[in-house]
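Undergrad: Chains A and B are the protein sequences, given in the same order. The first sequence begins at 1 in my numbering and counts up by one. The second sequence begins at 1 in my numbering and counts up by one. Provided herewith is a single structure, encoded as structure tokens, for subsequent inquiry.
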Amino acid sequence: MKIVIMGCGRVGAQLAGLLDTDGHEVTILDTDAYSFRRLAPTFGGTALIGNGVDEAALRRAGIEGADVFVALTQGDNRNVMAAQIAKHIFNVPRVICRIYDPLRQELYDTLGIEAFSPTTIFAQLIKEKIES
Amino acid sequence: MYIIIVGGGRVGYYLARALLDEGHEVLIVEKNAAFCDTINEEMGSVCVRGDGCEAATLDDIGTGRADMLVAVTGDDEDNLVACQVAKYKFNVPRTIARIRNPQNEAIFKKLGVDVTVSTTNIILEAIEKEVPTHPLTHLLTLSDKGLEIVEIRIPPESKSIGKLVKEIPRPEGSKLALIIPKDRKPRMPAPSTILREGDQIIALTTPELETELRAALTGT
Numbered sequence: 001m002k003i004v005i006m007g008c009g010r011v012g013a014q015l016a017g018l019l020d021t022d023g024h025e026v027t028i029l030d031t032d033a034y035s036f037r038r039l040a041p042t043f044g045g046t047a048l049i050g051n052g053v054d055e056a057a058l059r060r061a062g063i064e065g066a067d068v069f070v071a072l073t074q075g076d077n078r079n080v081m082a083a084q085i086a087k088h089i090f091n092v093p094r095v096i097c098r099i100y101d102p103l104r105q106e107l108y109d110t111l112g113i114e115a116f117s118p119t120t121i122f123a124q125l126i127k128e129k130i131e132s
Numbered sequence: 001m002y003i004i005i006v007g008g009g010r011v012g013y014y015l016a017r018a019l020l021d022e023g024h025e026v027l028i029v030e031k032n033a034a035f036c037d038t039i040n041e042e043m044g045s046v047c048v049r050g051d052g053c054e055a056a057t058l059d060d061i062g063t064g065r066a067d068m069l070v071a072v073t074g075d076d077e078d079n080l081v082a083c084q085v086a087k088y089k090f091n092v093p094r095t096i097a098r099i100r101n102p103q104n105e106a107i108f109k110k111l112g113v114d115v116t117v118s119t120t121n122i123i124l125e126a127i128e129k130e131v132p133t134h135p136l137t138h139l140l141t142l143s144d145k146g147l148e149i150v151e152i153r154i155p156p157e158s159k160s161i162g163k164l165v166k167e168i169p170r171p172e173g174s175k176l177a178l179i180i181p182k183d184r185k186p187r188m189p190a191p192s193t194i195l196r197e198g199d200q201i202i203a204l205t206t207p208e209l210e211t212e213l214r215a216a217l218t219g220t
């Protein structure tokens, strides 16, 4: 599959590495070239400097032919905006988006964006660990 | 009207001032505590500290009964989300977003924001109007109807000079609405009206036909 990831933080870089190892065609975007240091030396995909909320940057990243788009920057709003551009402007079949704020995650989930809130997931996980 | 302004920077500040003067009920949501304090000292209690993109904050300030939400922070993505939360969670009838990147105009419309204001585009339009050599100026775009009203000035070397209106090969679907000669009164163009150098023409066209129309009137 052709996958575009926006945000090369710890999660983004690790996900890019895993997908690359599995043989997918991965392009990762970040506004700061310094973030790409997190990518494994064996990473065989493309790392591009660019802002994922900018249509032109997404085009350069090959969003038009992508099967999956994942938004993983630190900014909830940036993720939400990029995810919606990918879904509604470029018609990417699968769009996944990280939203820290659980209320916003709920709203965008109802608006058709596949959104995950690490806040909710992690709190729940730790609670289960403690209670088990 | 009850109007919520997201973003208490310069734009939000002066906007709130103007709207209060007009007698509206105004509330600013601003993240920065120092900005909030300044606004509240100067204008009375009109600013709440908080994130205007968060549903919880918007709930606290009664967004459900707001007539309008205007998002004027410096970040396009924040303005988009504030408008979407207002619209889809609180059913605010009218949302307005300030945008920096003019390309976001179409995207925001598609994503449910009612009105966008692009400072970049406004300055660009002002330049178009101020620069007299610019042969075609957009006056008004009726985007949902696919129509636009443009102003075209006949340049000195144009081959349309001295021709009758009916002789100009205009694209089907565009119409000359008014001719304003340099030193005479404006008039409605008739088929036998003769075009002269410097004539200002107001025309109705579509974005697709714009280039063809410009070529017909200003081509050499």
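Every residue gets a Cβ at the ideal spot worked out from N, C-alpha and C, and that includes glycine. Given the structure is predicted, the values throughout are model-derived calculations rather than measurements.
Would you list, in sequence order, the uninterrupted beta strand (DSSP E) runs of no fewer than 3 residues that lie entirely inside the segment 21-50 of chain A?
TA: 25-30 and 46-49
Undergrad: Using DSSP with H/G/I as helix, E/B as strand and the rest coil, what is Thr-73(B)?
TA: coil
Undergrad: Mind the definition here: the segment 32-50 of chain B touches the segment 72-83 of chain B only if three or more C-beta pairs lie below 8 Å; say whether that holds.
TA: no
Undergrad: In the DSSP assignment, find the unbroken alpha helix (DSSP H) run with Ile-152(B) in it and report its ends.
TA: Here Ile-152(B) belongs to no alpha helix (DSSP H); instead the beta strand (DSSP E) covers 147-153.
Undergrad: Thinking C-alpha only, which one of Glu-54(B), Glu-197(B), Leu-58(B) and Leu-27(B) is nearest Gly-162(B)?
TA: Glu-197(B)
Undergrad: Please confirm whether Lys-89(B) has its beta-carbon closer than 8 Å to some beta-carbon of chain A.
TA: yes
Undergrad: How would you write the range of the beta strand (DSSP E) that Cys-97(A) sits in, first residue to last?
TA: 94-98
Undergrad: Taking only beta carbons into account, state which residues of the segment 48-60 of chain B come closer than 8 Å to chain A, listed in chain order.
TA: Cys-53, Glu-54, Ala-55 and Ala-56
Undergrad: Using DSSP's beta-bridge definition, name the partner residues of Met-6(A).
TA: Leu-29(A) and Ala-71(A), per the DSSP bridge assignment.
Undergrad: What span of residues does the beta strand (DSSP E) with Gln-200(B) cover, start to end?
TA: Per DSSP, Gln-200(B) is one residue of the beta strand (DSSP E) stretching across 200-205.
Undergrad: Quick one: any contact between the segment 168-175 of chain B and the segment 209-217 of chain B, if contact means 3 or more CB pairs under 8 Å?
TA: yes
Undergrad: Beta carbons nearer than 8 Å to chain A: which residues of the segment 69-86 of chain B have them?
TA: Asp-75, Asp-76, Glu-77, Asp-78, Leu-80, Val-81, Gln-84 and Val-85
Undergrad: On a Cα-Cα basis, can you pick out the residue from Val-26(B), Pro-189(B) and Ile-201(B) that is closest to Val-6(B)?
TA: Val-26(B)
Undergrad: What span of residues does the beta strand (DSSP E) with Ala-97(B) cover, start to end?
TA: 94-99
Undergrad: State the Cα-Cα distance for the pair Ala-13(A) and Gln-124(A), rounded to the nearest angstrom.
TA: Per the coordinates, the alpha-carbon of Ala-13(A) lies some 25 Å from the alpha-carbon of Gln-124(A).
Undergrad: Can you find a CB in chain E that lies within less than 8 Å of the CB of Val-53(A)?
TA: Note that chain E does not occur in the displayed structure, where the protein chains are A and B.
Undergrad: Closer than 8 Å, CB to CB, is Gly-65(A) near chain B or not?
TA: Gly-65(A) does not count as touching chain B.
Undergrad: Please list, in chain order, all residues of the same chain as Leu-20(B) whose beta carbon is under 8 Å from its beta carbon, the five residues on each side excluded.
TA: Correct list, in chain order: Val-26, Met-43 and Val-46.
Undergrad: Give the DSSP-derived three-state secondary structure of Ile-133(A) in the structure shown.
TA: This structure gives no information on residue 133(A), because the portion of chain A shown stretches from 1 to 132.
Undergrad: Take Asp-109(A) and list the residues in its own chain whose beta-carbon comes closer than 6 Å to its own, dropping the five residues that flank it on each side.
TA: Cβ neighbours of Asp-109(A) within its own chain (closer than 6 Å, five residues either side excluded): Ala-115.
Undergrad: Contact between the segment 56-72 of chain A and the segment 15-35 of chain A is defined here as three or more beta-carbon pairs at a separation below 8 Å; is this criterion met?
TA: yes
Undergrad: Can you find the residues in the same chain that come closer than 6 Å, C-beta to C-beta, to Pro-156(B), ignoring five residues on each side of it along the sequence?
TA: Glu-197
Undergrad: Take Ala-203(B) as the anchor and find which of Ile-180(B), Val-11(B), Arg-184(B) and Gly-219(B) has the nearest alpha-carbon.
TA: Ile-180(B)
Undergrad: Can you give me the Cβ contacts of Val-53(A) inside the same chain, cut-off strictly under 6 Å, excluding the 5 residues immediately before and after it?
TA: Here Val-53(A) has Arg-78, Met-81 and Ala-82 as same chain residues with Cβ atoms under 6 Å from its own Cβ, once five neighbours each way along the sequence are excluded.
Undergrad: May I have the straight-line CA-CA distance separating Pro-169(B) from Met-188(B), to the nearest angstrom?
TA: 18 Å
Undergrad: Spell out the partners DSSP gives Ser-45(B) in its beta bridges.
TA: As DSSP reads the structure, Ser-45(B) sits in no beta bridge.
Undergrad: If we ignore side chains and look at the alpha-carbon of each, how far apart do Ile-154(B) and Asp-183(B) end up?
TA: 14 Å
Undergrad: Taking C-beta pairs closer than 9 Å, name the residues in chain A that Ile-99(B) reaches, listed in chain order.
TA: The contacting residues do not exist; Ile-99(B) stays about 11 Å from chain A at best.
Undergrad: Between Gln-103(B), Lys-145(B), Ile-61(B) and Lys-109(B), which lies nearest to Thr-120(B) when the distance is taken from Cα to Cα?
TA: Gln-103(B)
Undergrad: Following the continuous alpha helix (DSSP H) through Ile-179(B), name the residue where it begins and the one where it ends.
TA: Secondary structure note for Ile-179(B): it is in no alpha helix (DSSP H), and the uninterrupted beta strand (DSSP E) holding it is 175-180.
Undergrad: Please identify the residue among Thr-120(A), Arg-104(A), Ala-71(A) and Leu-72(A) whose C-alpha is closest to the C-alpha of Cys-83(B).
TA: Arg-104(A)
Undergrad: Considering only C-alpha positions, which residue in the set Asp-78(B), Val-92(B), Pro-93(B) and Tyr-88(B) is nearest to Ile-99(B)?
TA: Asp-78(B)
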